[in-house]
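In the working numbering, the protein residues as written are -12 to 70. Step one of this worksheet: look at the structure below.
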C-alpha cells in the first residue's frame, strides 16, 4: 500500500489541542516526533504549552513536521470510536 502524502498539520494541531502536556512530552520523544522537541521550551506552564507548541510546529519545515503529522494521524485514528 502507498504512503499518504500530507500537505498540512491538521492532525498534529488536533492532537496538541486535545492532549495533556505530559502526553505531548511523551509523544515528542517518539523517533518520528523528535523535531517537535528540538528548540522547544518544555519548562513553560502547562496551560500555555499547547499554544506555544502550535506556534512552534507552524514554524517547522514540512520535512521536519511530516513524520510527526503521520504519527498524530495514526494516534487520532486509533483513539476514535471506529479505531
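Backbone N, C-alpha and C define an ideal beta-carbon position, used for all residues, glycine too. On a predicted model such as this, the values are computed, not experimentally measured, just so you know.
Local Cβ density within 10 Å of residue i, reported as buried at 16 or more and exposed below that
i          : result
residue 6  : buried
residue 48 : exposed
residue 56 : buried
residue 36 : buried
residue 58 : buried
Among the options, the one whose alpha carbon lies nearest that of residue i
i          : options        : result
residue 30 : 22, 58, 40     : 40
residue 54 : 9, 8, 14       : 14
residue 8  : 38, -3, 18, 19 : 38
residue 34 : 20, 50, 11, 21 : 11
Residue i in three-state terms, based on DSSP
i          : result
residue 71 : This structure does not reach residue 71, given that the chain is present from -12 up to 70, and the question cannot be answered.
residue 52 : helix
Length of the line joining the Cα atoms of residue i and residue j
i          : j          : result
residue 25 : residue 63 : 23 Å
residue 45 : residue 4  : 14 Å
residue 42 : residue 69 : 30 Å
residue 52 : residue 23 : 8 Å
residue 20 : residue 28 : 15 Å
residue 16 : residue 66 : 19 Å
residue 61 : residue -2 : 9 Å
Inset, instruction - Return the chain-ordered ranges of every alpha helix (DSSP H) run that is complete within the stretch 2 to 47 and spans a minimum of 4 residues. - result: 8 to 15, 21 to 24, 36 to 45
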